[in-house]
Amino acid sequence: MRVRQLLRVQRWGRRFRLPSPLAGDLLAALRAARVSKRSLFLALAVAIGATCAAAQTGPPDLTPLPGKGLAQHPFLYCGEWQERGKSEQTMFLIRGGKVVWQYAIPSQEELGDCTRLSNGNLVFSRRLGASEITPDKKIVWNYEAPPKTEIHTTYPIGMDKVLIMQNGNPAKLLVIVKKTGQVEKEMVLQTRVPDGIHGQFRHVRPTKAGTFLVAHMDLGRVVEYDAGGKEIWSVPAPSAWAAVRLKNGNTLISGNQHGYVREVNAKGETVWEIGKDDLPGMPLYTVQEVSRLANGNTLINNWAGSRPLEEWPKVVQLIEVTPDKKVVWALRDWKTLGPATSTQLLDERGVPEKGELQR
């Protein structure tokens, strides 16, 4: 019976074009536990309903967009292709409105978290591991994900250490000394579906206070842990993809397929929010990394992967909005770039490896 159920989920997922993370979560849940026929149909009904609702979002406006396109900022850009349409995945460095540098990895991997260090090197996750490369593309540090694990967060802690979130059973937050490979810290974190590794985590960050801010995507919560792994703060956040501790003490959260960007205070109260359809002509489909800029604006990575491939060219990849929700820059350039997952603006002041950027 379970084999027939799994095949049915796969067949219906293709028929109704369920986003791959959603279909994958359903499959993982079925593999991890005995699921009744009634539960199967309920889960599929919810998933199909969510997909149909997303498909009913009004057609994007293809009129000229605010800002200067690629020339608005210098920036580092990477995104997840998830093996659709490309034989490789590429990160880009943009200056003066042009691509001045690029680096590709095999298509079966995913570029999910990319940071340019103050020395010009780049640290990035690639699903099957994590790496650091020089501007001349020499690999100077590398970590291979163990079997049945995935890595979607890689973030520098100073020049000598790196934070990795290793999805798996169990899921582990790791702080690694790059020179020696020593694991300086290991924290096992709770997950909803231990074997559903792909949907567990995307964005984890250290804070200035020495704590760790974790977006539990599969638990629908953002949790702050102290250095010993004790939970000290949390807030509900459906399908939380990213969580960033801001300089004002609040936390900026992105909502993945729910399409929200939300700022909450220490009490967990929402003090600022943008919803899926709040920006005319620019639907938020899947919100991945979000950043707060020094001028108070917010940068949104609007991932296109929840849409059919033929609709991707209509999706606005990057959106910069003011505190009063005015769009001052919107980028849609599929001839040059791919899907938007992680973007670092290079005209923001601050040292990335010291945690001085709000991303």
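Numbered by our numbering, the letters in the sequence shown go through residues 39 to 397 in order. Glycine included, C-beta positions come from ideal geometry on N, C-alpha and C. These numbers come from a predicted model, not from an experiment.
C-beta atoms of L369 and Q355 nearer than 7 Å
At a Cβ-Cβ threshold of 7 Å, L369 and Q355 count as neighbours.
What does the alpha-carbon distance come out to for the pair D316 and G219?
If I take the Cα positions, the gap works out to 45 Å.
With DSSP as the reference, label L155 as helix, strand or coil.
coil
With a cut-off of 8 Å on the beta carbons, I'd call V359 and V325 a contact; round off their distance for me.
Their Cβ separation, rounded to whole angstroms, is 12 Å, which puts V359 and V325 out of contact at 8 Å.
For the candidate residues T249, G158, F162, Q140, whose alpha-carbon lies nearest to that of L149?
F162
Inter-residue spacing [alpha-carbon to alpha-carbon] between G267 and G105:
43 Å
Inter-residue Cα distance where the pair is R165 and I195
20 Å
Rounded to the nearest angstrom, what separates A253 and Y181 at their Cα positions?
22 Å
Between which residues of its own chain and D151 is the CB-CB distance below 6 Å, once the five residues before and five after are set aside?
S163, T191, T192, S380
According to DSSP, simplified to helix, strand and coil, what is K373?
Shown here, K373 sits in coil according to DSSP, grouped into three states, outside any helix or strand.
State the DSSP-derived secondary structure class of K136, mapped to helix, strand or coil.
strand
By the three-class DSSP mapping on this structure, what secondary structure does E148 have?
If DSSP states are grouped into helix, strand and coil, E148 belongs with coil.
Spatial distance of V366 from P185 (CA atoms):
44 Å
Run the CB neighbour count on V221, radius 10 Å, all protein chains shown included, and call it buried at 16 or more, exposed below.
It is exposed - the Cβ of V221 has fewer than 16 other Cβ atoms within 10 Å.
If you check the beta carbons only, do R133 and P102 fall under 7 Å apart?
no
Mark A247 as exposed unless 16 or more other C-beta atoms lie within 10 angstroms of its C-beta, in which case mark it buried.
exposed
With DSSP collapsed to three states, give me the class of L227.
Three-state DSSP puts L227 in a strand.
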